[in-house]
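Each residue of the first sequence is one higher than the one before, starting from 336 at the first, in our numbering.
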Amino acid sequence: MTATQKRGVRVRFAPSPTGFLHVGSVRTALFNWIFAKQNSGKFILRIEDTDKERSKPEYEKNILESLKWLGLDWDEGPSPNGAQNNADDTQNNAEKSQRESASSRRKSAYIGDYGPYRQSERIKIYRNYIERLIGEGRAYRCFCSKEQLESDRQTMLAEGLPPKYGGRCRNIKKEDGEKRMKNGEACVIRFVVPETDVEFNDLVRGNVKFSGELMGDMIIAKSEDEPLYNFAATIDDELMEITHVIRAEEHLSNTPKQIFLQQALNFREIKYAHIPLILNPDRSKMSKRYLESSVNDYRSGGYLPEAMLNFLSLLGWHPKEEKEILGIDEIIKEFDIKRVQKAGAVFNIEKLNWINSQYIKKKTNTELAALLRIFLENKNIDAEDEFVAKVAGAEKERVKTIAELAEAAEFFFKLPDYGPELLTWKNRTAAETKNAINESLKMLDEIPEEKFAREEIGNALQQLIEKTGRGEVLWPIRAALSGQKASPDPLEIMGILGKKETERRLKIAMKKL
RNA sequence: GGCCCUGUCGUCUAGUCUGGUCUAGGACACGAGCUUUUCAAGCUCGGUACACGGGUUCGAAUCCCGUCGGGGCUGCCA
């Protein structure tokens, strides 16, 4: 290949819409995105939906939505508007969208000059290359049955040989192949893999070498109109002028296959970077079995996108300095693909929690309130913005996720039921407790409603506290106001709740004693 | 089985290329203490790691060889 002319950096994230976006994929997308930003390149989103059985439109939609939520915007790919979540865009619109998809929607549904960006819409393109390879004798029709192949495999395995396709159909003449196919004989298309070595320099792993001898002729398409992954990806990477392929390590052994294809088709060379896998606690590939693995789960679990990106960037990479909380701009500045780790990284939810809590603490109360609202709605709780913001401010120090924040904040909106024993401080009697609340109530009543704020309240209660004791006064108030044994400072709660609600809750407590 | 990748605290990692400043640094988690009206947060302190075995060298986490461990792939999935 001619490395002489420098090409502008173009990277791609190429997910398969066969499930909700996986956090491992997010990290791959993130590294690509960062790489593009660092090199003033383009970040391309390509949907690899050649598997008709498993690919679903709703998964594609989820991928787009998740990327948008994370802020990983793409320069080329399916139109981001396609990710918009129109409430009525579900059931009864299925018909309509089907009609549209046939014509206008398809053509306009992507941005960029290298489209379409959905492999299912590129079938004709692949078909040309398949015909070309067959024409050049570099690909052929294979009529071997699956049963036959399986028994071949077993035989080779039993003999201790590498289980590869032996090339039984390789010498079938092109014309004979065409004829048999037209007569309805089932066949697939295989690529003649050269029996040579391929070597490439991986940006994270250094030199890697594979032997073509061990591979056997690979299937590149089930038929002219049904290309398979390695083939379609190779064609697209060339046509979309991809310069760097950054992907998970599980694709390392696909790389020689793609390089063989590139060489046969006279495509340009591509630089590869295979990043380590994200692992379960038992060090196997991250999966649902152990951990929530889709972005959805974390989004609905109350994790912030910036925390997710920060955490994921630290899985397999680390900046030079000993700094862990990094905004996306800092990550872009510091990131170096050559510094990424070679070994897999266990997904450590504790660390994610900590990072998330750091980002929560940094948010303003107003920002938090907006996020909190969504979670509150699920609990059928609604209130004024100002109030929600104050509540968020009172609780943000003690939560790790927005979901936890909603949980912790609930009592502000709705006093939970509790037993009278909760009200007593240590071994004080009910009468003492009742008295303390009553005294507090009297002090509180002196404060005019508009001055009912934390500092003022503290002053009002000061004498009583000095006389009776902090715990004796404040504990019953806390319990009465929150209905629980852990909460923010009762003085703060009172300020947020306001005079009327505070008095109401204290009186409820009195009745319980 | 074969091919490929990989191996520093429980976990994420710094250090490895360019041997000494590393009796191995940071972070999360954990434990103790401080603070204290609860729970947190915060602060201080603490324990824990160079997979193993050989070499090379005055000196090895760092270089070489071997062993063992872990993972991925081995699909008419991606």
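C-beta atoms are modelled at their ideal positions from N, C-alpha and C, and glycine is treated no differently. Treat the numbers as computed from the prediction; the structure is a model and nothing was measured.
Pairing Y633 with E627 gives a Cβ-Cβ distance under 8 Å. Using a Cβ-Cβ distance cut-off of 8 Å, the region 737-746 and the region 768-781 are not in contact, since fewer than three pairs of beta carbons, one from each stretch, lie closer than that value. Taking the C-beta atoms as reference points, Q593 is found nearer than 8 Å to A568. About 6 Å separates the beta carbons of M516 and R476, which is inside the 8 Å limit, making them a contact pair. At a cut-off of 4 residues, the continuous stretches assigned as alpha helix (DSSP H) that sit fully inside the region 565-628 are 590-600. With a cutoff of 8 Å on beta-carbon distance, V539 and K696 are scored as not near each other. Residue pairing by DSSP places P562 opposite A556 in a beta bridge.
Among the bridge pairs identified by DSSP, C477 is matched with V523. Annotation for S546: the continuous beta strand (DSSP E) segment containing it runs G541 to S546.
Taking 4 residues as the shortest admissible run, the region 342-418 contains the following complete alpha helix (DSSP H) segments, listed from N- to C-terminal end: 358-373 and 392-405.
Under the three-state reduction of DSSP output, A821 falls in the coil class, being neither helix nor strand. Closest by C-alpha distance to Q597, out of K623, S635, P529 and L496, is P529.
Residue pairing from DSSP places Y445 in a beta bridge opposite P413. Separation of E807 and L796 (C-alpha to C-alpha, rounded to the nearest whole angstrom) is 12 Å. Within the DSSP bridge table, the entry for E732 names no partner. Taken atom to atom, the span from the alpha-carbon of I460 to that of S622 is near 34 Å. Going by beta carbons, K372 and I812 fall outside the 8 Å limit. For F746, the enclosing alpha helix (DSSP H) has its first and last residue at I737 to F748. With contacts defined by Cβ atoms closer than 8 Å, K820 and L757 form a contacting pair. The Cβ-Cβ distance between F545 and V527 does not fall below 8 Å.
The shortest CA-to-CA distance from M550 to any of K391, E584 and R525 is the one to R525. Distance between L600 and E471, taken at the CA atoms: about 10 Å. Per DSSP, D537 is one residue of the beta strand (DSSP E) stretching across D532 to D537. Around L776, the same chain offers L841 as residues with beta carbons nearer than 6 Å, after the five sequence neighbours per side are excluded.
Note that the C-beta distance between F747 and I831 is below 8 Å. According to the DSSP secondary-structure assignment, R467 is paired through a beta bridge with no residue. DSSP places A718 outside both helix and strand once states are collapsed to three, so it counts as coil. By alpha-carbon distance to R505, the top candidate from M553, P498 and T490 is M553. Under the DSSP assignment, Y500 falls outside any alpha helix (DSSP H); it carries neither an H nor an E label. Under the DSSP assignment, M550 falls outside any alpha helix (DSSP H); it carries neither an H nor an E label. By the Cβ neighbour-count rule, G495 is exposed, with fewer than 16 other Cβ atoms within 10 Å of its own.
A distance below 8 Å separates the beta carbons of L647 and R362. Looking at the DSSP output, R453 shares a beta bridge with I382. At a Cβ-Cβ threshold of 8 Å, L799 and T837 do not count as neighbours. By the CB criterion at 8 Å, G376 and R345 fall inside the cutoff.
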